[in-house]
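Below: one structure, written as structure tokens.
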Amino acid sequence: MMDIHQLRVFASVFRNKSFSRASRELKLTQPTVSNHVMGLEKELGCRLFDRTGRKIIPTKEAHVLYQHALDVVERLEAIPDAIRGVDEEIAGELVIGASTIPGTYILPVVTSEFARQYPKVLFEIRLGDTEEIANQVLEHEILLGTVGAKIHRKKLNYTPFVEDELFLVGSRNLIKNKNISLKRLAEVPFVLREEGSGTRKVMEDYLARKKLGVNDLNIVAVLGSTNAVLEAVKADFGASIVSKFALMDEYGSGKLAVARVDGLEMKRTFFIISHKNRTLPKQYQLFIDDLRQHCKRLKI
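Everything in the sequence shown is counted per numbering that gives the first Met the number 0, starting at 0 for the first residue and increasing by one.
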């Protein structure tokens, strides 16, 4: 009968795509690793890896087993912590994937507050666009993500944590009023975010309601981050649609003009995402609570 040791070894081989790397990771001999995998293959009656030279390729059966193995190993390993109770000191790593806006303008403040309360938690924030973060959660590279748009995947949980609104921002030469028509929007030089960006997806969704697309805009550049977009806007290269969180420092400076587009009140929700088949450790659950409480106090 299969046991946790076999599943842990299998998961390491699957993740590393290598018996030798798995043996180093687990501090086992390579024959021991191979024997565990062969034992599983014999019990399940199927091949789990195709071997082509030095490479191994997981079979379809291996992909199915990997999802279940992760859940079983995680639940079994969580038992000692559950027995010790919730009063034990909170420690360990907390890796969060974040799209540009939450990763740049929200999470740094929350992690700072959380770290003061739980100094033995080690933070890592991995920035990427919404599509990248969703894929990292799906592939079990990270447990938690924060994104600015829903990427429809059946295996993702979405928990809202803060509301946002997108505004048109540009130099005062380009934007002279607090509102701008769709016709004028199509005329101004426009700096666009890259595909996969949550901000771009939300903008495209709202434009589509008016039967417009990005091809109807006067695109002068496509840039890979909100900061890059804002720098281009400050240089009077063009206007762009950005989050209110990215404009917090700009409101008071008076250097840039901010406007709404007539008929397009571009509001969105930021979401915490996690995999439906993964159980979040205690530090992750506490962080989610702190993040939502912090956002309730925001006044923007």
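Beta carbons are placed, not taken as given, at the ideal position from N, Cα and C, and that holds for glycine. Given the structure is predicted, the values throughout are model-derived calculations rather than measurements.
Between residue i and the rest of its own chain, which residues show a CB-CB distance below 7 Å, the 5 nearest in sequence each way excluded?
| i | result |
| --- | --- |
| P6 | At residue 6 the sequence reads Leu, which differs from the Pro that was named. Same-chain partners within the cutoff: A68, V71 and V72. |
| S19 | Q29 |
| F189 | L216, N217, I218, V219, G237, A238 and S239 |
| R291 | F160 |
| F286 | L93 and F113 |
| A61 | F13, L47 and F48 |
| K16 | I55 |
To the nearest whole angstrom, what separates the beta carbons of residue i and residue j, a pair I think is in contact under 8 Å?
| i | j | result |
| --- | --- | --- |
| L126 | L155 | About 19 Å separates the two Cβ atoms, so there is no contact after all. |
| V241 | V228 | 6 Å |
| A21 | Y65 | Not a contact, Cβ separation roughly 13 Å. |
Are residue i and residue j touching if we call contact CB-CB under 8 Å?
| i | j | result |
| --- | --- | --- |
| G195 | E123 | no |
| I272 | G102 | no |
| L181 | A258 | no |
| D204 | F269 | no |
| D235 | N176 | no |
| I3 | L121 | no |
| G262 | K209 | yes |
| A231 | I100 | no |
Excluding five sequence neighbours on each side, which residues of the same chain lie with their C-beta closer than 8 Å to the C-beta of residue i?
| i | result |
| --- | --- |
| V201 | G147, A148, L165, M265 and R267 |
| E193 | D128, R199, V221, L222 and G223 |
| L142 | V94, V136, S273, H274, R277, L279, P280 and Y283 |
| L25 | R7, V8, S11 and V32 |
| Y117 | I89, A90, Q282 and L285 |
| R152 | A133 and L137 |
Go through its chain and collect everything with a Cβ distance to residue i's Cβ below 6 Å, but skip five positions before and after it.
| i | result |
| --- | --- |
| V8 | V32 and H35 |
| A133 | I150 |
| V187 | L173 and A238 |
Compute the Euclidean distance between the alpha carbons of residue i and residue j, then round it to the nearest angstrom.
| i | j | result |
| --- | --- | --- |
| Q135 | T110 | 20 Å |
| K295 | Y157 | 18 Å |
| L47 | E40 | 6 Å |
| I105 | M247 | 11 Å |
| I174 | R183 | 10 Å |
| K54 | N226 | 41 Å |
| I179 | G169 | 12 Å |
| C45 | T58 | 9 Å |
| H293 | G197 | 22 Å |
| E42 | R23 | 25 Å |
| M1 | V63 | 15 Å |
| E140 | A77 | 19 Å |
| S98 | P107 | 13 Å |
| K243 | K233 | 16 Å |
Bridge partners of residue i, per DSSP?
| i | result |
| --- | --- |
| E157 | The question names Glu, but residue 157 in the sequence shown is Tyr. Looking at the DSSP assignment, Y157 forms a beta bridge with I272. |
| K266 | E164 |
| L121 | E92 |
| T51 | K54 |
| A21 | For A21, which the question treats as bridged, DSSP gives no partner whatsoever. |
| N178 | R259 |
| G169 | A256 |
| L191 | V221 |
| V146 | F270 |
| A318 | Limits of the chain in this structure are 0 at one end and 299 at the other, which puts residue 318 out of reach. |
| S242 | L165 |
If we cut at 8 Å on Cβ distances, does residue i have a partner in chain D?
| i | result |
| --- | --- |
| G102 | In the structure shown, chain D cannot be found, because there is only a single protein chain. |
Tell me whether residue i, by its Cβ, gets closer than 7 Å to a heavy atom of the ligand MN.
| i | result |
| --- | --- |
| E131 | With respect to small molecules bound, the structure shown includes none, and the ligand MN cannot be examined in it. |
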